[in-house]
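Asker: Letter by letter, the sequence shown follows residues 966 to 1049 of our numbering.
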Amino acid sequence: MISLKEAREQKSLTIEELATASNVTPESIAAIEDGTARASMVVGLKLSKALGKPTTEIIELAPQMTGVLGGGIDPLLGPRVGPR
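#1: Taking the alpha helix (DSSP H) that I994 falls in, what are its first and last residues?
#2: Tell me whether V1007 is buried or exposed, calling it buried when 16 or more other Cβ atoms sit within 10 Å of its Cβ.
#3: Per DSSP, what kind of secondary structure is T1001 in: helix, strand or coil?
#4: What would DSSP say about M1006, mapped onto helix, strand or coil?
#5: Leaving out the 5 sequence neighbours to the left and right, which residues in its chain are closer than 7 Å to A996 when beta-carbon positions are compared?
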């Protein structure tokens, strides 16, 4: 996996240019790059599409995404239906 900053620099893009291409704010991109924020799945998809890279290559997604109803989705086991 390469960092978001490395992927952005490989494309010779500034943070502002990537923000425009991905429709993600420059502040969010800077925070992800410096490690003070993590990308949501939606932001990760937008950034990876703008950079032409698989999401998993540039963004470390949270290991478990919280569902709308308070459940979770385990990336390996699928939706959480009951106790595990």
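Beta carbons: idealized from backbone N, C-alpha and C, even for Gly.
Answerer: Reading it off the structure:
#1: Annotation for I994: the continuous alpha helix (DSSP H) segment containing it runs P991 to E998.
#2: V1007 comes out exposed.
#3: In the structure shown, T1001 sits in coil (DSSP, three-state: anything other than H, G, I, E or B).
#4: Judged by DSSP in its simplified three-state form, M1006 adopts helix.
#5: Correct list, in chain order: A1002.
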